[in-house]
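Chains A and B, in that order, give the protein sequences.
Under numbering that gives the first Met the number 0, the first residue of the first sequence is numbered 0, with each subsequent residue one higher.
Under numbering that gives the first Met the number 0, the first residue of the second sequence is numbered 0, with each subsequent residue one higher.
Working notes, beginning with the structure itself.
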Amino acid sequence: MKIRLVQSGGLLGIVKACEIDSSALGAEAAEELERLVRGSGISSSGEHLSESARDLYHYEITIEDESRTLSVVFDDASLPPAARPMIGYLKRLARPEPPG
Amino acid sequence: MKPHALCRDPIQCIIPPYITERLAESPDAAVRSREIANVKAAVAMRAMRRALQVMPELVMSPAPTGKKNRVVYDSRQTDRLPGDLVRSEGQPAGPDVAVNEAYDFSGDTYDFYATLFRRNSLDDKGITLVSSVHVAEVDWLGNFVPMSNAFWNGEQMAYGDGDGSVFQRFTRSLDVVGHELTHGVQQFTSNLTYSGQSGALNEHFSDVFGILVRQWRRGETALKASWVIGADVMILTPTRRGIRDMEHPGTAFVNDPDIGTDPQPADMSKLYTGPADRGGVHINSGIPNRAFVLTAKALQGNAWDVAGRIWFETLLKLKASSQFLDCARLTAQVAATHGAAAKAAVLTAWKQVGITV
């Protein structure tokens, strides 16, 4: 499974990103990542952004495995609680990059 | 006897309730009526505080006297909004610096709009200014950690305490508080759509009025003032000076190990057209930001006097879908009503960032 996060927005407005291939991780780390992804409840592509909120962080998550590729966009307000630990994990690994 | 009409909570009053209740029974009609009024005000204030705690939606109503009405909540390092009510209008400062900053800086922002533009709060009808401090976010273990952000959620402001390595608490900056509150003003005026160029204009106006509140409060002229947004919320190092530099977009932070390099363009040749950040709303705001600074510096004096007034009048005329060129045209039209020098400064400034009206 490959998972990519692009974080943007927030008051600062920079872009941070990370991409993880679970096949390149150790067994325990791969299992932890897969648990977080399963636990997130994300099962379909879509964009879910708040209408009237300003300066929230945005998260574009792409999940690719053997059967499908999903791409979802959330912000801090629309992100489902079940997905927050997964986003927290990915945010820790994300590094700044020029906006693509 | 000195009236204690300013005393809102009998528990905190110097004169204890059993005396005020006696005074309400005084044979002297003047003393009696004054004390009855004080007791009524205290009862009303306690009822208001209880209501605000239980039903925060109640606060989205105009202040009865048309003056500012501020309430500050503490989210207590959770993501709960609004949180626990900790300070309301007229109450003295307590020990929590973030609460006091949210209160004071909201007041400064209200005063700025009221004094300069006769605007009574965000909606021009005295809407209560609601802030939550100590707002946190969930980490990968499911624990709450301090949020490195401030935001406007459509009804209130929310401020995190920062991670302590890149960011400090977000209430620490008057321009950040002014920026967030100006998103609220825009919600009731132009309501610029928060994506692409209109979204970048939305961010731009929040930067403009955020920084003008600070310059106005400090009495700084356009030529002497700093044009850096958010320096007060950042832990400054040689590689980072603030969140944005309105005069020199793209230079606020360079090769910083935590936040990289400032992505803002300074002119239209480097306009960002990708999808991140809702089409670059915090990125492309650099272009109109620079146009504003160039205008303000060309006109000299205080930036809020002429340039700020032009930009405020423009904000009231913009539509939700307005693009940079629309804003440039409108600022030039409005500037003409302030004189030939103002119009020339505005046209030149926009031209310098690559927009010819």
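Glycine included, each C-beta is placed from N, C-alpha and C at the ideal position.
For this session: Would you check if the distance between the CB atom of B/VAL232 and the CB atom of B/GLN167 is smaller than 7 Å?
Result: At the C-beta level, B/VAL232 and B/GLN167 come within 7 Å of one another.
For this session: Return helix, strand or coil for A/PRO95, following the three-state DSSP convention.
Result: Of the three classes helix, strand and coil, the one that applies to A/PRO95 here is strand, per DSSP.
For this session: Go ahead and label B/GLU179 buried or exposed: buried means 16 or more other beta carbons lie within 10 angstroms of its beta carbon, across all protein chains shown.
Result: It is buried - the Cβ of B/GLU179 has at least 16 other Cβ atoms within 10 Å.
For this session: Closer than 9 Å by beta-carbon distance: list the chain B residues that pair up with A/TYR58, in chain order.
Result: What A/TYR58 touches in chain B: nothing, since even the nearest Cβ is about 11 Å away.
Exercise. At which residues does the beta strand (DSSP E) containing B/LYS316 begin and terminate?
Worked result: Taken as a continuous stretch (DSSP letters only), B/LYS316 belongs to no beta strand (DSSP E), being part of the alpha helix (DSSP H) at 306-316.
For this session: Using the Cα positions of B/VAL134 and B/PRO145, report the straight-line distance between them to the nearest angstrom.
Result: Those two C-alpha atoms are separated by around 7 Å.
Problem set entry | Identity of the residues DSSP links to B/ALA135 by a beta bridge | DSSP, once it has assigned bridges, lists B/PRO145 as partnering B/ALA135.
Exercise. Alpha carbon to alpha carbon, how far is A/VAL5 from B/PRO91?
Worked result: Each residue's Cα considered, the two are about 43 Å apart.
Exercise. For B/HIS281, which residues of its own chain have a beta-carbon under 6 Å away from its beta-carbon, when the five flanking residues on both sides are left out?
Worked result: Excluding residues within five positions, the ones whose Cβ falls inside 6 Å are GLU202.
Problem set entry | Proximity winner among B/ALA306, B/LYS124, B/ASP107 and B/VAL253, relative to B/GLN332 (alpha-carbon distances) | Distances from the alpha-carbon of B/GLN332 to those of B/ALA306, B/LYS124, B/ASP107 and B/VAL253 put B/ALA306 closest.
For this session: Report buried or exposed for A/SER7, applying the criterion of at least 16 other Cβ atoms within 10 angstroms of its Cβ.
Result: Buried, by the Cβ-count rule.
Problem set entry | Beta-carbon proximity list for B/PRO256, same chain, < 6 Å, skipping 5 on both sides | Cβ within range, chain order: n/a, list empty.
Exercise. Should B/ARG240 and B/VAL227 be called a contact, given that it needs their Cβ atoms to be closer than 7 Å?
Worked result: Taking 7 Å as the Cβ cut-off, B/ARG240 and B/VAL227 qualify as a contacting pair.
For this session: Mind listing the chain A neighbours of B/PRO262? Cutoff is C-beta to C-beta under 8 Å, in chain order.
Result: Within chain A, the residues near B/PRO262 are GLY12, ILE13, VAL14, PRO97 and PRO98.
For this session: Report all residues from its chain with a CB closer than 7 Å to the CB of B/THR188; omit the five preceding and five following residues, and keep chain order.
Result: Excluding residues within five positions, the ones whose Cβ falls inside 7 Å are LEU314 and LEU315.
For this session: Pull up the distance between the alpha-carbon of B/VAL176 and that of B/THR355, whole angstroms please.
Result: Per the coordinates, the alpha-carbon of B/VAL176 lies some 33 Å from the alpha-carbon of B/THR355.
Exercise. Quick one: does A/ALA52 have its CB under 7 Å from some CB of chain B?
Worked result: Yes - at least one Cβ of chain B is within 7 Å of the one on A/ALA52.
Problem set entry | Host beta strand (DSSP E) of B/THR330 (start-end) | Taken as a continuous stretch (DSSP letters only), B/THR330 belongs to no beta strand (DSSP E), being part of the alpha helix (DSSP H) at 323-335.
Exercise. Looking at B/SER320 and B/SER205, is the spacing between their C-beta atoms short of 7 Å?
Worked result: No, these two residues do not count as a Cβ contact at 7 Å.
Exercise. Which one or two residues does DSSP pair with A/SER7 in a beta bridge?
Worked result: According to DSSP, A/SER7 bridges with A/HIS57.
Exercise. What did DSSP end up calling B/SER320 once you bin it into helix, strand or coil?
Worked result: Correct three-state label for B/SER320: coil.
Exercise. Excluding the five sequence neighbours on either side, which residues of its own chain have a C-beta within less than 6 Å of the C-beta of A/GLU59, listed in chain order?
Worked result: Taking A/GLU59 as the centre and dropping the five residues before and after it, the same chain places the C-beta of VAL5 and VAL72 closer than 6 Å to its C-beta, in chain order.
Exercise. Roughly how many angstroms lie between the CA atoms of B/GLU246 and B/LEU191, to the nearest whole one?
Worked result: Rounded to whole angstroms, B/GLU246 to B/LEU191 spans 23 Å at the Cα level.
Exercise. Out of B/PHE291, B/LEU84 and B/GLN185, which has the shortest C-alpha to C-alpha gap to B/LEU317?
Worked result: For B/LEU317, the nearest C-alpha among the options comes from B/GLN185.
Exercise. Which term fits B/LEU88, buried or exposed, when burial requires 16 or more other beta carbons within 10 angstroms of its beta carbon?
Worked result: Contrary to the premise, residue 88 of chain B reads as Glu rather than Leu in this sequence. B/GLU88 is buried by the Cβ-count criterion.
Exercise. Are there 16 or more other CB atoms within 10 angstroms of the CB of B/ASN382, so buried, or fewer, so exposed?
Worked result: Absent from the model: residue 382 of chain B. The displayed extent of chain B is 0 to 356, so no value can be given.
Problem set entry | DSSP-derived helix/strand/coil call for A/THR68 | The DSSP-derived three-state label of A/THR68 is strand.
Exercise. Cβ of A/PRO84 within 7 Å of Cβ of B/GLY273?
Worked result: No.
Exercise. What do you get for B/GLU136, buried or exposed, if any count of 16 or more other CB atoms within 10 angstroms of its CB means buried?
Worked result: B/GLU136 comes out buried.
Exercise. Taking all protein chains shown into account, do 16 or more other C-beta atoms lie within 10 angstroms of the C-beta of A/ARG53, making it buried, or fewer, making it exposed?
Worked result: Result: buried.
Exercise. What three-state label does DSSP hand B/SER268 in the structure shown?
Worked result: In the structure shown, B/SER268 sits in a helix (DSSP, three-state: H, G or I).
For this session: Given a cut-off of 7 Å, decide if A/ASP74 and A/SER49 are closer than it, judged by their beta-carbon atoms.
Result: For the pair A/SER49 and A/ASP74, the CB atoms are nearer than the 7 Å cut-off.
Exercise. Would DSSP call B/ASP257 helix, strand or coil?
Worked result: Coil, per DSSP.
Exercise. If we ignore side chains and look at the alpha-carbon of each, how far apart do B/TYR72 and B/LYS124 end up?
Worked result: Separation of B/TYR72 and B/LYS124 (C-alpha to C-alpha, rounded to the nearest whole angstrom) is 22 Å.
Exercise. Among A/GLY87, A/LEU10, A/LEU11 and A/ILE2, which has the Cα closest to the Cα of A/SER22?
Worked result: Closest by alpha carbon: A/ILE2.
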